[in-house]
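The opening position of the sequence shown corresponds to residue 235 in the numbering used here, with each subsequent residue numbered one higher. Yeah, the Cβ is synthetic: ideal placement off N, Cα and C, and Gly gets one too. Contents: one structure, followed by commentary.
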Amino acid sequence: MLKTYLILGILLSGVTLVTAQPRPSREELRAALKEATFIEKFELANGFMFDKIYGEALFVWEIMLEEDPNNANLLYKTGMCLVYLNREIEAITYFEKAQYSVSKTYNPFSALERNAPPEIYYYLAKSNHSKGNIDTAFFSMISFCRM
Numbered sequence: 235m236l237k238t239y240l241i242l243g244i245l246l247s248g249v250t251l252v253t254a255q256p257r258p259s260r261e262e263l264r265a266a267l268k269e270a271t272f273i274e275k276f277e278l279a280n281g282f283m284f285d286k287i288y289g290e291a292l293f294v295w296e297i298m299l300e301e302d303p304n305n306a307n308l309l310y311k312t313g314m315c316l317v318y319l320n321r322e323i324e325a326i327t328y329f330e331k332a333q334y335s336v337s338k339t340y341n342p343f344s345a346l347e348r349n350a351p352p353e354i355y356y357y358l359a360k361s362n363h364s365k366g367n368i369d370t371a372f373f374s375m376i377s378f379c380r381m
């Protein structure tokens, strides 16, 4: 398990070995990730986010969402990657789906967490504001303040 995690980490981080092997394609990486467990993928993507490698984290979160499209935690984390990549308008879709499963006891480090944190309302408002949806942004902020 640890060996698989390390190999995936090396492949996704873009580090090339001294032997000058070509970087694997996205499809090869997708196939390798399909074989990893949910927890391994979760820890890998969380590690990428911690290291601020948001593009790679986004790739892993999107693969995980294919397996579990209603997981509010995955939706939130995917949206956050998009925010950090300055693609806030794209994040709206993810935040809108996740806003219905919010928990004040949210644990960002648990692979078992299926809810989103209350901060999702803030980021939903911020994303809607970027898109020009001022009324929607206002109501999202009201929801955030009520939490």
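- For Asn320, no alpha helix (DSSP H) encloses it, and the DSSP letter there is neither H nor E.
- The shortest C-alpha to C-alpha distance from Glu300 to any of Lys268, Arg348, Leu358 is the one to Lys268.
- The Cβ-Cβ distance between Arg264 and Asn307 does not fall below 8 Å.
- Secondary structure at Ala345: coil, using DSSP grouped into helix, strand and coil.
- For the pair of segments examined, the segment 286-297 was found not to touch the segment 332-341: the number of CB pairs separated by less than 8 Å stays below three.
- Of the candidates Ser361, Arg260, Asn341, Gly289, Ser361 places its Cα closest to the Cα of Tyr328.
- Taking C-alpha positions only, Leu292 is separated from Phe343 by approximately 16 Å.
- Here Ala350 is bridged, per DSSP, to Val336.
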